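What follows is one structure encoded as structure tokens, with my remarks underneath.
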Amino acid sequence: MVGPLEFILAGVLVGFCVGITGVGGGSLMTPILISLFRIEPHIAIGTDLLYAAISKFCGSLVHARKLNIVWPIVLWLALGSIPASFATHWVLEHYLSQSTHYKAVLTTVLGFMLTLTGISIIFRAQIEKFFSRFRKPEVSDQEQALFANPRRRFYILFMGIVLGIFVTLSSVGAGAFGIMALILMFPNLPMIRIIGSDVVHAVLLTLVAGLGHMSSGNVDFTLLMWLLVGSIPAIIVGTLISSRLPERIIRKILGITLFALGINFMLHPVKAKPVTTSESAVISTVEKTHKI
Numbered sequence: 300m301v302g303p304l305e306f307i308l309a310g311v312l313v314g315f316c317v318g319i320t321g322v323g324g325g326s327l328m329t330p331i332l333i334s335l336f337r338i339e340p341h342i343a344i345g346t347d348l349l350y351a352a353i354s355k356f357c358g359s360l361v362h363a364r365k366l367n368i369v370w371p372i373v374l375w376l377a378l379g380s381i382p383a384s385f386a387t388h389w390v391l392e393h394y395l396s397q398s399t400h401y402k403a404v405l406t407t408v409l410g411f412m413l414t415l416t417g418i419s420i421i422f423r424a425q426i427e428k429f430f431s432r433f434r435k436p437e438v439s440d441q442e443q444a445l446f447a448n449p450r451r452r453f454y455i456l457f458m459g460i461v462l463g464i465f466v467t468l469s470s471v472g473a474g475a476f477g478i479m480a481l482i483l484m485f486p487n488l489p490m491i492r493i494i495g496s497d498v499v500h501a502v503l504l505t506l507v508a509g510l511g512h513m514s515s516g517n518v519d520f521t522l523l524m525w526l527l528v529g530s531i532p533a534i535i536v537g538t539l540i541s542s543r544l545p546e547r548i549i550r551k552i553l554g555i556t557l558f559a560l561g562i563n564f565m566l567h568p569v570k571a572k573p574v575t576t577s578e579s580a581v582i583s584t585v586e587k588t589h590k591i
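For the sequence shown, the working numbering gives the first residue as 300, with consecutive numbering after it.
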């Protein structure tokens, strides 16, 4: 039987990976909860969203303190992602939550996002190297130039909408996938400012999406508490010793693991258990009672 110790250890593992590589929070936690602990997909996703919001909040404070945040990027991302998150949750609540395909949809989307995240982690260095060709030597007053073109604002808004939908459905994508998208869109922006902007937006998006799932009863607060007990100290330790560890090798292993998990979830999504004869009899009795 799974108990608090196992959840704390899961928090330690995920927190340590986040501390060393800067990614892996939502990407690792949700598949661990579903695959190892057999937590229902909607509960795992809802709990992980609030876990991500809380665990990323401290990192966002550090980035804000060091002025690593481009606030216009955060604003335009949020203008797309927050309404998209609300709309996605509304569709889930009113159309999918009672469907027999509910779990399959969630785990298939989860698998898709894990696959993309794994690819972005594995090939991050190559992607950064390719787009570094387009970087300009001058970096002064970049924030003013970033949004001179209205088309750029539309792209950021559209990216926010995409993230809002997929993060609400899977709890994955706000971190590594969001960073890679920003790298593609802003090749001139220093990496530390891309990471800072993405972290702050991820806090806002995961908090809103998590609160939406909480309103539907999809958050296990006891589970959330034990995960945080294990992960917060591990994030601190991982961050402190990250310079002494082979970060690139760990990142590759993490990316390959996420890619494999994503493929597995897409090929074998979690399906609703068929209703047994006794269960169907109980349901029909309840329905007749309500009609009377």
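In this text, a Cβ means the ideal position worked out from N, Cα and C, and glycines have one as well. For clarity, every value in this text was computed on a predicted model and none was experimentally measured.
Straight-line gap, residue i to residue j (C-alpha atoms, nearest Å)
| i | j | result |
| --- | --- | --- |
| leucine 520 | proline 449 | Here residue 520 turns out to be phenylalanine, not leucine, going by the sequence shown. So the two alpha carbons sit approximately 42 Å from each other. |
| serine 439 | methionine 524 | Any reading at serine 439 must be qualified, since the residue scores a pLDDT of 44, below 50, and its modelled position is unreliable; no value is offered. |
| serine 380 | isoleucine 555 | 28 Å |
| isoleucine 562 | threonine 414 | 6 Å |
| cysteine 316 | isoleucine 426 | 22 Å |
| valine 574 | methionine 484 | In this prediction, valine 574 has a pLDDT of 42, which is less than 50 and means its spatial position is unreliable; what the coordinates show is noted afterwards. Each residue's alpha carbon lies about 48 Å from the other. |
| leucine 566 | glycine 495 | 35 Å |
| serine 326 | leucine 557 | 7 Å |
| leucine 304 | phenylalanine 453 | 46 Å |
| isoleucine 319 | leucine 553 | 11 Å |
| glutamate 437 | isoleucine 548 | Unreliable positioning characterises glutamate 437 in this predicted model, as indicated by a pLDDT of 46, which lies under 50. A coordinate reading is not provided. |
| leucine 391 | valine 507 | 15 Å |
| tryptophan 389 | glutamate 339 | 20 Å |
| leucine 349 | serine 419 | 24 Å |
| leucine 526 | histidine 341 | 17 Å |
Cβ pair residue i, residue j closer than 8 Å
| i | j | result |
| --- | --- | --- |
| isoleucine 455 | tryptophan 375 | yes |
| alanine 352 | glycine 474 | no |
| lysine 551 | isoleucine 464 | no |
| arginine 492 | valine 369 | yes |
| methionine 328 | valine 311 | no |
| phenylalanine 476 | threonine 399 | no |
| glycine 529 | leucine 335 | no |
| serine 396 | glycine 511 | no |
| proline 330 | leucine 504 | no |
| histidine 362 | valine 502 | no |
| phenylalanine 306 | leucine 522 | yes |
| alanine 403 | lysine 570 | yes |
Of the listed residues the options, nearest to residue i (C-alpha basis)
| i | options | result |
| --- | --- | --- |
| proline 568 | Val311, Phe306, Val317, Ile333 | Ile333 |
| methionine 458 | Arg423, Ser398, Ile372 | Ile372 |
| alanine 377 | Ile460, Ser530, Ile494 | Ile460 |
| leucine 462 | Val404, Thr387, Leu527, Tyr401 | Thr387 |
| arginine 337 | His393, Phe564, Val301 | Val301 |
Span of the alpha helix (DSSP H), counted from its first residue to its last, around residue i
| i | result |
| --- | --- |
| aspartate 497 | 490 to 514 |
| valine 402 | For the record, residue 402 in the displayed sequence is lysine; it is not valine. Here the alpha helix (DSSP H) through lysine 402 covers 401 to 421. |
| tyrosine 350 | 340 to 364 |
| tyrosine 454 | 449 to 469 |
| glycine 529 | 520 to 540 |
| histidine 388 | 370 to 390 |
| alanine 473 | Careful: alanine 473 lies outside any alpha helix (DSSP H) and carries neither H nor E. |
Beta carbon proximity, residue i to chain B, threshold 8 Å
| i | result |
| --- | --- |
| alanine 473 | In the structure shown, chain B does not exist; there is a single protein chain. |
- Message: Under 8 Å: do the segment 528 to 538 and the segment 402 to 418 share three or more Cβ pairs, one atom per stretch?
- Response: By the Cβ rule, the segment 528 to 538 does not count as touching the segment 402 to 418, because fewer than three pairs are nearer than 8 Å.
- Any 3 or more C-beta pairs closer than 8 Å across the segment 505 to 517 and the segment 340 to 355: yes
- Counting pairs of Cβ atoms below 8 Å between the segment 482 to 492 and the segment 461 to 469, do you hit three or more? no
- Query: Does the segment 351 to 369 come close enough to the segment 417 to 430 to have 3 or more Cβ pairs within less than 8 Å?
  - Reply: no
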